[in-house]
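The structure appears right after this line, and notes come after that.
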């Protein structure tokens, strides 16, 4: 039988332990992961409103946030 070559006697280099993030940082990251899609969706709606109402519709952009504007729009869309 053939003998296996002797393994080197040097110990394996261990990887340094991975540093864990503090608990508060993990919680903040988890919250950001959960709310990023809704926040980006709301942001996209506001940008779309601004482009559609003020740029295409030639209306003042401050009227986007008025309740009377949306009541009027609702009445136009759902009127008989």
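In the working numbering, the protein residues as written are 136 to 215. Where is the CB? At the ideal position from N, CA and C, for every residue including glycine.
Sequence-distant residues of the same chain with beta carbon closer than 8 Å to residue i, five excluded per side
| i | result |
| --- | --- |
| residue 165 | none |
Beta-carbon contacts of residue i that lie in its chain and below 6 Å, excluding the five residues immediately before and after
| i | result |
| --- | --- |
| residue 198 | 204 |
| residue 209 | none |
| residue 189 | 196 |
Any non-hydrogen atom of the ligand MN closer than 7 Å to residue i Cβ
| i | result |
| --- | --- |
| residue 175 | The ligand MN is absent from the structure shown, which contains no ligand whatsoever. |
Proximity below 8 Å, CB of residue i to CB of residue j
| i | j | result |
| --- | --- | --- |
| residue 176 | residue 185 | no |
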